[in-house]
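Be aware that the sequence shown starts at 1, since it is given in full-length UniProt numbering, and climbs by one per residue.
Structure, as structure tokens:
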Amino acid sequence: MAENPQKPGFSNKYRLSFDIGTLISNIFAIQGEIDMNEKFSSSRVKGFLRAEGKSIVNEDGEEIILAGWGLGNWLLQEGYMWKAKNTRFDRPHRIEAVIRELAGSKYSEEFWKKFRENYITKEDIRLMAEQGYNSVRIPFNWRIFMESEPGLVWKEEGFKLLDQCIDWCEEYKIYVFLDLHGAPGGQTGANIDDCIDDIPRLFIDKDSWDKGISLWKKLAERYKDRWIVGGYDLLNEPIRPGSQQVKNVDYLLPRLVKFYEEVIVAIRQIDTKHMLSIEGHHWSTDTSIFYKKYDDNMVIHFHRYACLPQIDSLKEFIEVSHRLNVPLWLGETGENIHQWYTALYPLCAELNIGYNLWPWKKMSCTNSPYSIEWPEGWDKIIGYIEGEAHPGYEKAAEILNVYLENIKVENCKYNSEVRSHVFRTPGCTVRATDFDELPGKGKSYSGLSKEGNMYKYRDNTGMKIIEETPVEQLERRFVFDCLWDRFILELKDDEFVTYSINDTSNDSSISFVYRCDEPVNMSIMQDSRELCTLDLGITKDKKTIEPISISEASESKIKIIVNKGRLYLDEINFI
């Protein structure tokens, strides 16, 4: 190979000498002059998106903050969204094989046709827009559009599925991002790209490479004039990290850079208008490939799942954005508890970073907007996947038919609290330790205590964060659990914190959970108006304050001040 693996950024992380705190303060100062809700508004879904400095703008040059969901499992299936944990059912070609085993080849063909018709419909897109989202990411498997055969054999029915969804999005004013989630041969080397052997063969096999370039050329030809397509996400999560279970393939990083270079040239020969979304390696968390700007109209796309919800978790990408003068997009995130959502996403918006959560719907969940009901008898399907008896062809088909009905959004359970937490509106609960980090010390929090804590959580704020339960006594509740909700906030004389809240009405109120080991006198304010003063007695057990009315406002700041005493604050409830 001619590529040099020691290009800047591959061996050593590029580090900047400027003060990141000053940079973030400057970003916030600019953002603070603009109505945040306006930047989310569907009125800004207008014309081709483009990168302008560190912002994404529409055809009128107005800034837009992307807020949306990924349509995971529709055009590329993942077994966990079906409540399967076995590797036999973890990626599309294996899932397809099991459906054939369960109900036969003829049934399987009809099943997948119905699945794609029912999983995402016009109603899904309408509901997404109704809930205030302005963008959607459509992850797809290359086999939706191409036959897995020698040469280029296109599948028009796949393009028609995408055409239809794009039309719905244009009708409801939602920008579409086309996401090559499963490239020919696989770009990740894991179940999520439908690879055959956990090796990212896109970068190894010439046929896969050529098919990948050809697919993006075909997509560019088809959609070059569709302004509602916000951008092209060239590769999802390329080149996973190595582990004890899977081979380290970082030696392929120069090939990743080469692929980006070649595919961008190929696209730009056809389409000069669409923004390009470019992801780094290791689950889109590593910045090493961003030693240069790949295109004048690009966004740096990164992912965050199990991180602590704080500025420090975004800092490395903010530095790269500043160095290259390009915008950021948190293009995949989520799969956590609601309070984590409301800690991270409003913070991203304040930093001019749009976000796209994952996924829009899945089976038996509370942290996606829609939960697919568990079909009666589904345990027989899961049992077969895990090595138990075949349920019989007729019974399997019967259960799968129920599943095909359950996946329609009108038959799903709507988890309204997800939206409340994503947009930080009444109905959300905020951890006390997730006070506004911006605009910073002396403004959004007092910062009177000694800086630093052993947990590395908001440790530069000068606010005392303590561990209510030692981490050694806790077990992770799910894969991406960072256990940050074990922290509580201690407030003493003259200390204060603020919490942003959006879209309050005159019926809205605030409450909080606390305990105190000495008498406390405190005040609560909404913006510049004092809501009340409270005198709290000593209590060993947690108590909840009766709801306190707050006023109608598009955006508001609730300030909690301890005038005297010591208060242990657990969570803030906006009602």
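Heads up, the beta-carbon is just placed ideally off N, CA and C, and yes, glycines get one too.
Note that the structure is predicted; figures quoted are calculated from it, not measured.
Of all the options the options, which has the alpha carbon lying nearest to the alpha carbon of residue i?
i	options	result
Glu262	Gly212, Thr539, Lys122 and Ile548	Gly212
Val520	Ile560, Ile510 and Asp503	Ile560
Val229	Val265, Asp434, Leu202 and Ser277	Ser277
Lys443	Glu149, Asp295 and Ile558	Ile558
Leu567	Glu546, Lys542 and Ser554	Lys542
Asn506	Asp494, Glu530, Ile466 and Glu552	Glu552
Ala306	Leu357, Ala266 and Gly334	Gly334
Ile199	Ser208, His301 and Gln187	Gln187
Phe111	Leu404, Ile545 and Val497	Leu404
Gly151	Glu130, Val497, Lys206 and Ala129	Lys206
Thr366	Ser509, His390, Ser420 and Ile64	Ser420
Tyr514	Trp168, Ala432, Gln473 and Pro346	Ala432
Asp494	Pro439, Lys273, Gly447 and Ile99	Gly447
Trp209	Lys258, Ala103 and Asn502	Lys258
Gly565	Phe574, Ala266, Ser556 and Gly537	Gly537
Pro238	Asp379, Glu475, Ile192 and Thr533	Ile192
Ala396	Pro547, Ile381 and Arg91	Ile381
Glu518	Gly231, Thr539, Ser511 and His322	Thr539
Phe40	Glu52, Ala51 and Ile56	Ile56
Leu347	Ile501, Trp358 and Trp142	Ile501
Asp527	Arg476, Ser554, Arg126 and Pro547	Ser554
Val497	Val418, Ser523 and His181	Ser523
Ser509	Ser549, Glu472, Ile311 and Lys217	Ser549
Arg424	Gly331, Ile466, Glu373 and Phe574	Phe574
Phe159	Phe203, Lys218, Ser148 and Asn37	Lys218
Thr533	Thr544, Ser556 and Asn563	Asn563
Ile267	Ile311, Glu38, Ala220 and Lys122	Ala220
Arg390	Met525, Ala97 and Glu101	First, the amino acid is wrong: residue 390 is His here, not Arg. When only C-alpha atoms are compared, the closest one is Glu101.
Over what stretch of residues does the alpha helix (DSSP H) that includes residue i continue unbroken?
i	result
Asp207	Lys206 to Tyr223
Ser108	Ser105 to Tyr119
Tyr403	Tyr393 to Asn406
Ala343	His338 to Glu350
Ala306	Neither: Ala306 is in no alpha helix (DSSP H) and is coded neither H nor E.
Ala51	Note, Ala51: premise wrong, no alpha helix (DSSP H); beta strand (DSSP E) at Arg50 to Glu52.
Arg255	Leu253 to Arg268
Phe40	Met36 to Phe40
Tyr384	Trp378 to Ile385
Val520	Where Val520 is concerned, there is no enclosing alpha helix (DSSP H), although the beta strand (DSSP E) it sits in stretches over Val520 to Gln526.
residue 604	Because residue 604 is not part of the residues shown, which for the chain are 1 to 575, the question remains open.
With respect to the beta strand (DSSP E) encompassing residue i, which residues constitute its N-terminal and C-terminal limits?
i	result
Ser284	Ser284 -> no beta strand (DSSP E), and no H or E assigned at all.
Ala553	Ala553 to Lys564
Glu495	Glu495 to Thr504
Leu534	Arg529 to Leu536
Ser371	Tyr370 to Ile372
Lys315	Note, Lys315: premise wrong, no beta strand (DSSP E); alpha helix (DSSP H) at Lys315 to Leu324.
Phe89	Neither: Phe89 is in no beta strand (DSSP E) and is coded neither H nor E.
Asp541	Thr539 to Thr544
Gly230	Val229 to Asp233
Cys365	Cys365 -> no beta strand (DSSP E), and no H or E assigned at all.
Cys516	Ser509 to Cys516
Glu78	Run containing Glu78: none; DSSP gives neither H nor E here.
Ile488	Phe487 to Leu491
residue 582	Here the chain has residues from 1 to 575 only, and residue 582 is not among them.
Since residue i and residue j are thought to touch, with beta carbons under 8 Å apart, how far apart are those beta carbons, to the nearest angstrom?
i	j	result
residue 579	Arg255	As shown, the chain starts at 1 and ends at 575. That puts residue 579 outside it, with no answer to give.
Trp360	Ser371	Going by Cβ atoms, the distance from Trp360 to Ser371 rounds to 11 Å, so no, they are not a contact pair.
Arg275	Asn248	The sequence given here has Met at residue 275, not Arg. With 8 Å as the limit, Met275 and Asn248 do not qualify as a contact, their Cβ atoms being about 32 Å apart.
Leu253	Ala183	In fact, because the Cβ distance is near 16 Å, the residues do not count as touching under 8 Å.
Val320	Ile337	The pair is not a contact, with the Cβ atoms about 29 Å apart (cut-off 8 Å).
Ile270	Lys224	6 Å
Asp194	Arg91	5 Å
Tyr499	Gly104	Going by Cβ atoms, the distance from Tyr499 to Gly104 rounds to 56 Å, so no, they are not a contact pair.
Met36	Ala349	6 Å
**Request:** Note down, one range per segment and in chain order, each beta strand (DSSP E) of at least 3 residues found wholly within the region 132 to 219.
**Result:** Scanning the region 132 to 219 from its first residue to its last, the whole beta strand (DSSP E) runs of 3-plus residues come out as 135 to 141 and 175 to 182.
Check your understanding: Do the region 459 to 476 and the region 408 to 422 make contact, defined as three or more Cβ pairs closer than 8 Å?
Key -> Touching, no.
Report yes or no: do three or more beta-carbon pairs, one from the region 473 to 492 and one from the region 415 to 429, lie closer than 8 Å? By the C-beta criterion, the region 473 to 492 is judged not to be in contact with the region 415 to 429, since fewer than 3 inter-stretch pairs fall below 8 Å.
query = Do three or more CB pairs link the region 38 to 58 to the region 171 to 178 at distances below 8 Å?
reply = The region 38 to 58, when compared against the region 171 to 178, does touch it at the 8 Å Cβ threshold.
Is the region 60 to 70 in contact with the region 131 to 141, if contact means three or more CB pairs nearer than 8 Å? A contact between stretches requires three or more CB pairs, one per stretch, nearer than 8 Å, and the region 60 to 70 meets this requirement with the region 131 to 141.
Cβ contact check for the region 83 to 96 and the region 377 to 386: 3 or more pairs under 8 Å: Proximity of the region 83 to 96 to the region 377 to 386 meets the contact definition, three or more beta-carbon pairs being nearer than 8 Å.
Indicate whether the contact test is met: 3 or more Cβ pairs, each with one atom in the region 438 to 458 and one in the region 484 to 497, closer than 8 Å.
-> With the cut-off at 8 Å, the region 438 to 458 and the region 484 to 497 touch.
If contact is defined by three or more beta carbon pairs under 8 Å, each pair taking one atom from either stretch, is the region 325 to 341 in contact with the region 293 to 302? Result yes; three or more Cβ-Cβ pairs closer than 8 Å.
At least three beta-carbon pairs within less than 8 Å, the region 332 to 346 to the region 490 to 499 = Per the Cβ contact rule, the region 332 to 346 is not in contact with the region 490 to 499 (fewer than 3 Cβ pairs under 8 Å).
- prompt: Three or more beta-carbon pairs under 8 Å between the region 100 to 120 and the region 73 to 81, yes or no?
  reply: Yes, the region 100 to 120 is in contact with the region 73 to 81.
Q. Quick one: any contact between the region 351 to 359 and the region 56 to 65, if contact means 3 or more CB pairs under 8 Å?
A. Contact between the region 351 to 359 and the region 56 to 65 is present, because at least three Cβ pairs lie under 8 Å.
Fill in: Every unbroken beta strand (DSSP E) inside the region 394 to 476 [3 residues or more]
Look at the region 394 to 476 and you find these whole runs of beta strand (DSSP E), each 3 residues long or longer: 429 to 431 and 464 to 467.
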